[in-house]
Amino acid sequence: MIIKKNDNVIISSGKDKGKKGKVVKSIPTKGSVIVEGANLLKKRQRAKKAGQKGQTVSIAMPIKASAVMLFCGHCAKGVRAGFNKIADKKVRVCKKCNKEI
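Residue 1586 in this note's numbering sits at position 88 of the sequence shown, with consecutive numbering throughout.
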C-alpha cells in the first residue's frame, strides 16, 4: 500500500471530499486508512460514575485507501505516487513534479 502513517492526504471522494488531513493509521489488510478529522462517527458514552454526565465523543472511522490521494507540498495538490531508486533506496515521488514526497 502506497499510503503510510503520518502522510498528508486529501480526500478525493465521499462526504468529506476536498478535506486535507494526516493519516493516523494504515490498515493494509483491509485496504483502508484512518484520516485525522475525517469520516467522523459520533458515539454516545454513558456516565461511568454516579456524579458524571454522559457525553458524545467523535471517533475517526476508516476510509478506503482508493478514496484518498497523497498531498504533494511542492504542487499543493493531491497527486499519484511513483517510485524511484535514489542511492539504492526506494523512494516515493510525485508523478507531476518528480520530487520526493
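From the three backbone atoms N, C-alpha and C, an ideal C-beta is built for every residue, glycine too.
Bear in mind that the values here come from a model prediction, so they are computed numbers and not experimental data.
Per the DSSP secondary-structure output, S1530 pairs in a beta bridge with I1525 and K1562. Around the Cβ of F1569, a 10 Å sphere holds 16 or more other Cβ atoms; the residue is buried.
At the C-beta level, I1561 and I1509 come within 8 Å of one another. Judged by pairs of C-beta atoms under 8 Å, the region 1581 to 1598 does not touch the region 1529 to 1548, as fewer than three such pairs exist.
In the same chain as L1538, and ignoring 5 residues on each side of it, the C-beta atoms closer than 8 Å to its own belong to S1556, I1557, A1558 and M1559, in chain order.
It is roughly 6 Å from the alpha-carbon of N1504 to the alpha-carbon of K1520.
The beta carbon of V1522 lies closer than 6 Å to those of I1532 and E1534 in the same chain, with the five residues before and after it left out.
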